[in-house]
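Under the UniProt record's numbering, the residue at position 208 of the sequence shown is numbered 208, and the numbers go up by one with no gaps.
Every residue, glycine too, gets a C-beta built ideally from N, C-alpha and C.
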Amino acid sequence: MRRLLGLISTFDHNVMAHSATLRPSSLDTGMQFASTIANYSKPWIAISLLLSRHPGAPRRAAVRGILAVGATSLLANVAFKFSLPRPRPDHFSMPLHRRRIRMPKSSSFPSGHSAVAAAFATGVALESPALGLAIAPLAATVAYSRVHNGVHWPSDVIVGSALGVGIAFATRRWWAALPATPSISNIPGDAPALPDGNGLLIVANPESGSESDTLRDSIKELLPHAEFVDIPIGETQADTHAKLIQLIKQRNPSALGVLGGDGTVRTVAAAAALTHHPLAVFPGGTLNHFAIDIGTLDVCTTAAAVASGDSRRIDLATAIADSHTDHTFINTASLGTYPAALKVRKKWERHLGKWIPLALGMIRELAANDPLQLTLDGQHIRVRTLFIGNGTYQPAHRIPVGRSSMADGNLDIRIIRADLTLSYTRALYAVITGTLMTSPTYLRLLSPSLNIELTDPAPLALDGDPVSDVQQLTVRTEPHALTVYAPMSQG
């Protein structure tokens, strides 16, 4: 160990001595600016705020990057610096014009600036490689500036950068990165190719998202003969469904389209399945979970699939509440604390994305609400929350972020139990540490159907929207019930 430390010390002193011999240039001013501006993580916070304004990968990248920054700053600037103190380089060994950066009084090891910069760039890259590549030069500049300005040894920067990269990757332990290419179905559909949109009736929700008019104009440019109609709103969901079915029968299109968020997509998808029309999903909501999972990330991708006729057959799911009310859902159904946590997510998702507010909401509601007493396919159990996904969600034993299949005929059922000693504490620990797989408080089942009887009514949420309180619930898959336009690269 002494020999290794001696080699590192020699390396550090040689690099610093060589750096001190560099001639004055405009690089000096740039490095001083880079070090100063990076104080208190200012550039990373600013970039994350900018990225968070854009749904999808940019917003996820912003949240993961800032999470990595927070964890890295805590470890590098607190834990490591206090436990592994190291003197700073001799500031007077540097030329006078390069001593304009104030020498910090904290330990030199490791470089907090370098660690945080590397953590943010890596966290962003895990969600969007292109954005991570764009940020990497700035992160590298900040890291090098600490050596150039004489406030850190080179090994401080190297170890700090490695620490930041490692912590960014560690965030995947409990929040997995969304797969770049989701695999939704290997069952081809028979949707017609509509190169100019002739025969396509697009049902739009003008209140979904903030760019509805702009998206309509974009679709009209791509599919000039497509017809638009606003979704007919009834007094109840059943009235809306009936009016939409009547409208479809009157227009008799070759295919249906939908422009809106997941709630609108759910309504139109149910009608499309009932009338046997293929569905083109044009993402027009805030989060667009369903559109992301089938690979139609933007209107251009959807329009291209419509023009070529590329399509897949996928499952829908039905929730029958109290033996008489049928509800179709496309993403998820939930009982217990999950519907309450959805309210927290809706409040903060525009700023923090969907998963972080959802996790925080789950933690709060798990502590605050009484468990549900229910019978699950004949088995009595007390649970804190019950999650039911249409299709197989991934990862299997962490917060679900996307689907690996939407055509396997299964519901993905996840349960947090409340009938074990210290169940809340154990479940919370498992969520935070990413160890749900081995926690007895967590159950995961794959099944085509599920029958639930509750002792008392509990709130039901479908696709992130509260529906009603229910006491009896039957949930089942409808295999291959819907044909969707989707790029052939999926699956």
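A contact is defined here as three or more CB-CB pairs under 8 Å, and the segment 183-200 fails this definition with respect to the segment 258-267. A residue is called buried when at least 16 other Cβ atoms come within 10 angstroms of its Cβ; Q246 does not meet this threshold and is exposed. Annotated three-state conformation of L297 is coil, per DSSP.
G263: member of the alpha helix (DSSP H) spanning 262-275, first to last residue. In this structure V229 is in contact with L201, their Cβ atoms being roughly 6 Å apart against a cut-off of 8 Å.
Note: T385 is bridge-paired with G336, I416 in the DSSP secondary-structure output. According to the DSSP secondary-structure assignment, S311 is paired through a beta bridge with Y485. Using a 10 angstroms sphere on the CB of M437, the tally of other CB atoms stays under 16, which defines it as exposed.
In terms of Cα proximity to G336, the closest of A238, F82, C300, I452 is I452.
One alpha carbon belongs to P188, the other to V299, and they sit about 21 Å apart. The segment 56-68 and the segment 143-153 do not touch, with fewer than 3 CB-CB distances between them shorter than 8 Å. Less than 8 Å separates the beta-carbon of P154 from that of D12. Cβ atoms of L462 and H327 come within 8 Å of each other, at about 6 Å. Secondary structure note for P137: it is in no beta strand (DSSP E), and the uninterrupted alpha helix (DSSP H) holding it is 129-148. One thing to note: A291 has its Cβ within 8 Å of the Cβ of V281. Burial check for I233: the Cβ neighbour count within 10 Å stays below 16, so the residue is exposed. Shown here for P43: same chain residues with a beta carbon closer than 8 Å to its own, the five before and five after excluded, namely I37, L138, V142 in chain order.
Note on the segment 191-224: whole beta strand (DSSP E) runs with a minimum of 3 residues are 200-204, in chain order. A distance of 8 Å or more separates the beta carbons of A458 and V475. In the DSSP assignment, T392 falls within the unbroken beta strand (DSSP E) covering 392-394.
Excluding five sequence positions before and after A115, the CB atoms of its chain that fall closer than 7 Å to its own CB belong to T72, A76, G160, S161, L163, G164, given in chain order.
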